[in-house]
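Trainee: Using our numbering, you'd call the opening residue of the sequence shown number -2 and step up by one each time.
Got a structure for you, questions after.
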Amino acid sequence: MRKIYLLILLLAVTLSAEAQRAKSVILVYLDGGPAQTDTFDPKPEMGRNYHGNFKGVCKTNVEGIEIGEKLPLLATMADKYTLIRSLTHGSNAHETGHYAMITGDTSGGAVVYPSFGAVISYIKRDTYKGILPCYISVTSANSRFNEGGFLGNQYKSFDTGGKPESSEYEVEGIVNKHIDRQRMDSRMALLNNFEGKGMDKQTIDSLRGVNMEFIWGESREVFNLKNEPDSVRQRYGKSRLGQSCLVARRLVEAGVPFVNVRTTGWDTHKKHFSKMNTMLAVLDRALSALIADLDSRGLLDSTIILCGGEFGRSPKVLWEAPWNGGRAHFGAAFSYLVAGGGFQGGKVLGATDKTGEKVAQRPVSPCDLIGTVYLLMGIDPYGTLPHVSEGELPILPSLLDSKKSHGLLYEIIDIKKPDHEK
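Below, the structure is given as structure tokens:
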């Protein structure tokens, strides 16, 4: 019996490896919840109570697909991405929304699951050979829960901190403009003098060598945006988001499996449209540059890009006081943009009703999206993870529950649905 189980397990691992399309993931996370009706699922025909100040739409380069009027650059490249317009988890609370979209777990169980960046970091720990951490957040990860979950803190992201849009990007623990190489060498020499003879010198030297390579080697230069032509930096935009997306491209070029670009400010209960006038232009420039840059460098086919937040925002505008033209939290139906790494371009998956308040076609749960990312990364979405006291747990428990999952997204990926899942 044990031999049969091991054979099945080996087959699942082999199939996942053969299915792998992507080597890296870039999550452009719009923390706070972007309005789907102002971005990827506009409803111009519904009147000002729904479209607010943004009545227009952008026709894209794919016939029949329209997006919000503030995203003209993304409209020119709709053949490179797919829009998911039917994501749903039903929660209007930031904490549960973040947890659902970052872990894929909506089971409501007592176990705290790791983020999918942490899971990918754990799965790739033996095959990833880079000096840089396997999972990096530019500039910080989600702080609403422990991203390592039951896998432990060693699989949480490395948060760069700093300001990539500044003249010198000071990455925490790596780049400090007040410490030059000569000063660092003198400090290391002083440290060597203090070390006792009874210590394992070989082990210390090995670890220190890795650390020094991390701080002063080629990996340090990944964060040096002065190496980029100014024309490239301008194309992304000199904003925090724009330069963070440029850092993400450089990290993918260095082989980092998971990069989280987290941008805040999307929780727009008040002054929604005035804020969106600026924020959508910044997003349009940064995200379109990232997609185009990866494509021109031959990296889009092996890099998954995801863009969205923990939920959407209410399609109906709150004109009354104290909101005065804001949008509320909305987890019933919202949108994500997906591109690269085996995701097809030029498509729309799912649909909302005429007001955008309900999913009308092909609901997509967080576990369906994250499970599809796992599949494209060569990870079995029906596999398990080790828990220190509970033993082996499903990697995505909600994917095994027909009430929580609506199926992996085979409609928009370059992998055929296997017979046993039909």
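Glycine residues also receive a C-beta, built at the ideal position from the N, C-alpha and C atoms.
What residues match up with P391 in a beta bridge as DSSP calls it?
Mentor: DSSP output for P391 lists T381 as bridge partner(s).
Trainee: Judging by CA-CA distance, which residue of S134, D411, Y371 is the nearest neighbour of F340?
Mentor: Taking only the C-alpha atoms, the option nearest F340 is D411.
Trainee: Pop quiz: F255 and Y333 are said to be a contact at Cβ under 8 Å. What is the actual Cβ separation, rounded to whole angstroms?
Mentor: Not a contact, Cβ separation roughly 17 Å.
Trainee: From this set, P31, E92, S104, which residue's C-alpha is nearest C364's C-alpha?
Mentor: When only C-alpha atoms are compared, the closest one is S104.
Trainee: Over the uninterrupted beta strand (DSSP E) stretch that includes I23, give me the two end residues.
Mentor: Its beta strand (DSSP E) spans residues 21 to 27.
Trainee: How do the stretch 95 to 103 and the stretch 388 to 401 stand: do at least 3 beta-carbon pairs fall below 8 Å, yes or no?
Mentor: The stretch 95 to 103 vs the stretch 388 to 401: in contact.
Trainee: If you follow the beta strand (DSSP E) that G114 is part of, which residue opens it and which one closes it?
Mentor: From DSSP, G114 is part of no beta strand (DSSP E) but of the alpha helix (DSSP H) over 113 to 120.
Trainee: K77 and D35: beta carbons closer than 9 Å?
Mentor: No, these two residues do not count as a Cβ contact at 9 Å.
Trainee: What residue range is occupied by the uninterrupted beta strand (DSSP E) comprising D64?
Mentor: Reading the sequence as shown, one finds Ile at residue 64 and not Asp. I64 -> beta strand (DSSP E) spans 63 to 65.
Trainee: Determine the direct distance from the alpha carbon of V249 to that of G295, and round the result to whole angstroms.
Mentor: Their Cα atoms are separated by approximately 12 Å.
Trainee: How would you write the range of the alpha helix (DSSP H) that G94 sits in, first residue to last?
Mentor: Counting along the chain, the alpha helix (DSSP H) containing G94 begins and ends at 91 to 100.
Trainee: Measuring alpha carbon to alpha carbon, tell me which of Y125, L148, T124 ends up nearest E389.
Mentor: When only C-alpha atoms are compared, the closest one is L148.
Trainee: From the DSSP output, in three-state form, read off L303 for me.
Mentor: Here L303 sits in strand by DSSP.
Trainee: Quick check for students: name the residue ranges of the beta strand (DSSP E) that lie wholly in the stretch 341 to 368, counting only runs of 3 or more.
Mentor: Taking only runs of at least 3 residues, the beta strand (DSSP E) segments lying wholly in the stretch 341 to 368 are 344 to 346, 356 to 358.
Trainee: Can you list, in chain order, the residues of its chain with a C-beta nearer than 6 Å to that of I367? Leave out the 5 residues immediately preceding and following it.
Mentor: The residues are G101, F113.
Trainee: My understanding is that I288 touches I301, with C-beta atoms under 8 Å, so please give their C-beta distance in whole angstroms.
Mentor: 12 Å between Cβ atoms; not a contact.
Trainee: Please name the residue in G347, G353, K351 whose C-alpha comes closest to that of R359.
Mentor: The shortest Cα separation from R359 among G347, G353, K351 belongs to G347.
Trainee: Taking its Cβ as the centre, do 16 or more other Cβ atoms sit within 10 Å of D227, making it buried, or is it exposed?
Mentor: So D227 counts as exposed.
Trainee: Could you check if T93 is buried or exposed, using at least 16 other CB atoms within 10 Å of its CB as the buried criterion?
Mentor: When all chains shown are included, T93 counts as buried.
Trainee: Given a threshold of 16 other Cβ atoms within 10 Å of its Cβ, counted over all protein chains shown, does D28 qualify as buried or as exposed?
Mentor: When all chains shown are included, D28 counts as buried.
Trainee: What is the DSSP secondary structure of L315, counted as helix, strand or coil?
Mentor: L315 falls in the strand class under three-state DSSP.
Trainee: Grab the span of the alpha helix (DSSP H) containing V229 for me, first residue to last.
Mentor: Segment 227 to 233, the alpha helix (DSSP H) holding V229.
Trainee: So which of R217, Y379, G306, V54 has the shortest CA-CA distance to V258?
Mentor: The residue with the shortest Cα to Cα distance from V258 is G306.
Trainee: If you measure between the beta carbons of T265 and K272, is that distance less than 9 Å?
Mentor: Yes, the pair counts as a contact, with Cβ atoms nearer than the cut-off.
Trainee: DSSP has S134 in a bridge; who is on the other side?
Mentor: BP columns for S134 point to D156, N257.
Trainee: Helix, strand or coil for K56, going by three-state DSSP, please let me know.
Mentor: Strand.
Trainee: On the DSSP bridge list, what partners appear for Y333?
Mentor: DSSP output for Y333 lists I81 as bridge partner(s).
Trainee: Do the stretch 312 to 329 and the stretch 348 to 358 touch if we need at least three Cβ pairs shorter than 8 Å?
Mentor: The stretch 312 to 329, when compared against the stretch 348 to 358, does touch it at the 8 Å Cβ threshold.
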